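Mapping of the sequence shown onto mature numbering (1 follows the signal peptide of the UniProt record, and there is no 0): residues -15 to -1, 1 to 396, in sequence order. We treat Cβ as the ideally placed atom computed from N, Cα and C, and that holds for glycine. Since the model is a prediction, treat every value here as computed from it, not as a measurement. Data block below; observations after.
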Amino acid sequence: MELLVILAAVGTVAAWSGPEHQMVGRIASAFLAPETQAALNSLLPSFDVPSDNITFPINGNVSLMTTWADTVKGKKVYGWSGAYHYIDYEDVTLLDVKNMSASVVACSKIIDEISCPAGVCIVPAIANYTNRADYANKRSDNERAEAILFLTHYLGDITQPLHNCGKFLGGNNYLVKWNGSIFEPAPYQKYRHNMHFIWDQFMIEADIQDNYGNSFDKYVASIIGDIMVGKYNSAAASWLTCQSPVKTDSGLVVKTVCPIEWSVEGNDLNCASVWDNTGSLDPANPTDDLYTNGYYAANKDIARLQLAKAGLRLAAALNTLVPAKPIDTYYSGFASVIPSKCTTTSAPLAITTAAVAPVTTASGAVTAEATTTASTAAVVAPAPTTKVNLLSNASALTISVAIVVALSLTL
């Protein structure tokens, strides 16, 4: 009975623009503490961008928050933000092995000037906006609201494998055939199907149509149920553990925000399954239909699992950062999924004010924060005009089982 009440409280969304992100928001809503939801209601009745003629009502709805960053990224005020949605790891995948351009599969897991030029990518962006959203840092309501909007979106992006892959621009330049067609459905029929969008939306929507009566509500409810009492329940706590958590300016170690680990997790999927059984070796000329050749069957459950992880992780982040006092329970009967302390001695990711993205005021004006000279490679999102040389004292920032030291960013 309690489960049914919670699912009913999540509600529905009138339109699914950015359906994957809105589903992440709906999943997260089921695990928000009342204090968190109340704070979101107060902080985010809306977040308009008048100079870009964007009116964006939210009313505290996390599902609606998740699409804001995509709405503004191509506009004037936030045009700089598009590059923070992904990281371009250079991987050697099964596709490369099959076309004989390589002999061994190898995911890079390296953050350097290729994958994250000048520190402009999703990993430092998540750390930066985690810091800005922290209640204890006493930033303005407008700054915190903006940070929460970016964070709700980026925590969805980082679980999508192709946001952690530079191959064919994250799959955008790898054309595919899907369900008998090489073109998008109306009204976008002039555009070709590509691998990125298959993972962003089509594979999920096909699963919903084939197995959930074409009901987004049933699909989301099934994921929430699997986290609460079903097949994901036993693993859910492990989704929230950090070896390298973000540490904010207030001293809060956000044990449930792990951008490095989550990015590596997404990148690993590119070597495991994303580029397997893709059909054509030519990215411009698709042959196999990925809906019928076994690709969809092999990957739809992976996409569903990634949505589940994103939703629970988003809830954990919001419960930690948004209320006046961090909350480590999500609802009655599902308590203590956040570990009481880190399970390793790895150092948290330090945040400084060096090279951060610009702050947008309520009027839509953009102001740059003061910058300082950092003695370490701070995990922050640089402003578009700021150049941060991540490689000044290292040839590559390799993610491994080490800690964050000096100019070496590691897992």
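- Under the DSSP assignment, Trp53 falls in the alpha helix (DSSP H) whose first and last residues are 53 to 57.
- In its chain, beyond the 5 residues on either side, Tyr281, Asn284, Lys285, Ala288 have a beta carbon closer than 7 angstroms to the beta carbon of Met188.
- Take Asn26, set aside five residues on each side of it, and the residues of its chain with a beta-carbon closer than 6 angstroms to its own are Gly45, in chain order.
- Here Ile39 carries a strand assignment [DSSP, helix/strand/coil].
- The three-state secondary structure of Phe201, taken from DSSP, is helix.
- With contacts defined as CB atoms closer than 8 angstroms, Leu147 and His181 qualify as a contacting pair.
- In the displayed model, Ile96 falls within a strand according to three-state DSSP.
- Collapsing the DSSP output to three states places Lys175 in coil.
- In the three-state reduction of the DSSP assignment, Lys285 falls in the helix class, which pools H, G and I.
- Taking C-beta atoms under 8 angstroms as the contact rule, Leu237 and Ala121 qualify, at a distance of about 6 angstroms.
- Around the beta carbon of Asn84, a 10 Å sphere encloses fewer than 16 other beta carbons of the protein chains shown; the residue is thus reported as exposed.
- As the crow flies, the alpha-carbon of Thr40 is around 38 angstroms from that of Asn218.
- For Ala309, the three-state secondary structure derived from DSSP is coil.
- Bounds of any alpha helix (DSSP H) do not take in Pro230, whose DSSP letter is neither H nor E.
- Sequence-distant Cβ neighbours of Ala23 in its own chain, meaning closer than 7 angstroms and more than five residues away, do not exist here.
- The DSSP-derived three-state label of Leu297 is helix.
- Using a Cβ distance threshold of 8 angstroms, Ile183 and Val161 count as a contacting pair.
- Around the beta carbon of Asn158, fewer than 16 other beta carbons sit within 10 angstroms, so the residue counts as exposed.
- In this structure Asp253 is in contact with Cys92, their Cβ atoms being roughly 6 angstroms apart against a cut-off of 8 angstroms.
- Apart from sequence neighbours up to five positions away, the residues of its chain that approach Asp126 with a beta-carbon distance below 7 angstroms are Leu28, ordered along the chain.
- Take Lys203, set aside five residues on each side of it, and the residues of its chain with a beta-carbon closer than 6 angstroms to its own are Tyr197, in chain order.
- In the assembly as shown, Tyr276 is a buried residue. Its beta-carbon has 16 or more other beta-carbons within 10 Å.
- The segment 249 to 264 makes contact with the segment 64 to 80, as at least three CB pairs between them are under 8 angstroms.
- Asp274 sits in a strand when the DSSP states are folded into three classes.
- Assigned with DSSP and collapsed to three states, Ser223 falls in helix.
- Taking C-alpha positions only, His138 is separated from Tyr176 by approximately 24 angstroms.
- Assignment of beta-bridge partners to Leu160 by DSSP yields Asn179.
- With respect to the 8 angstroms criterion, Ser229 and Glu250 are not classified as neighbours on the basis of their beta carbons.
- For Ala112, the enclosing alpha helix (DSSP H) has its first and last residue at 107 to 118.
- For Pro4, the enclosing alpha helix (DSSP H) begins and ends at 4 to 14.
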